[in-house]
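All remarks here apply to the structure that follows.
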Amino acid sequence: NFTTDMKEYMDGINDRVLVWIQIEDIAALDQLDEIFSVPGIDGVLVGPADLSLSMGKLFQFDHP
């Protein structure tokens, strides 16, 4: 039954959705503790090109 299947699907959808955030700006580095404390975040990615640009070191991924 489509209606029953859709209800079951919708009832459990939030258990199957992941929330990922991406760090892309140097300003976020000072806020990591606050960012990571947000409930519901399942994972974090780094946007290396945008992050390096915001640091004035575009594509210099080996820069200390």
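In terms of my numbering, the sequence shown opens at residue 1422 and continues consecutively. All residues carry an ideal CB built from backbone N, CA and C; glycine is no exception.
Output the boundary residues of the beta strand (DSSP E) element that contains residue i.
{"i": "Gly-1464", "result": "1464-1467"}
{"i": "Gln-1443", "result": "1441-1444"}
Would you mind reading off the limits of the alpha helix (DSSP H) that contains residue i?
{"i": "Ile-1434", "result": "Careful: Ile-1434 lies outside any alpha helix (DSSP H) and carries neither H nor E."}
{"i": "Asp-1454", "result": "1453-1457"}
Determine, using beta carbons only, whether residue i and residue j come nearer to each other than 9 Å.
{"i": "Ile-1462", "j": "Ile-1444", "result": "no"}
{"i": "Gly-1464", "j": "Val-1438", "result": "no"}
{"i": "Ser-1475", "j": "Ile-1447", "result": "yes"}
Where does residue i fall in DSSP's three states?
{"i": "Ser-1473", "result": "helix"}
{"i": "Asp-1426", "result": "helix"}
{"i": "Asp-1483", "result": "coil"}
Verify the contact flag: residue i, CB atom, against every heavy atom of the ligand NAP, threshold strictly below 8 Å.
{"i": "Gly-1433", "result": "As for the ligand NAP, it is missing from this structure, which has no ligand bound."}
Just to check my reading of the structure: residue i and residue j have Cβ atoms closer than 8 Å, yes? What is that Cβ distance to the nearest angstrom?
{"i": "Ser-1479", "j": "Ser-1473", "result": "Checking the sequence shown, residue 1479 turns out to be Leu, not Ser. Confirmed, Cβ separation roughly 5 Å."}
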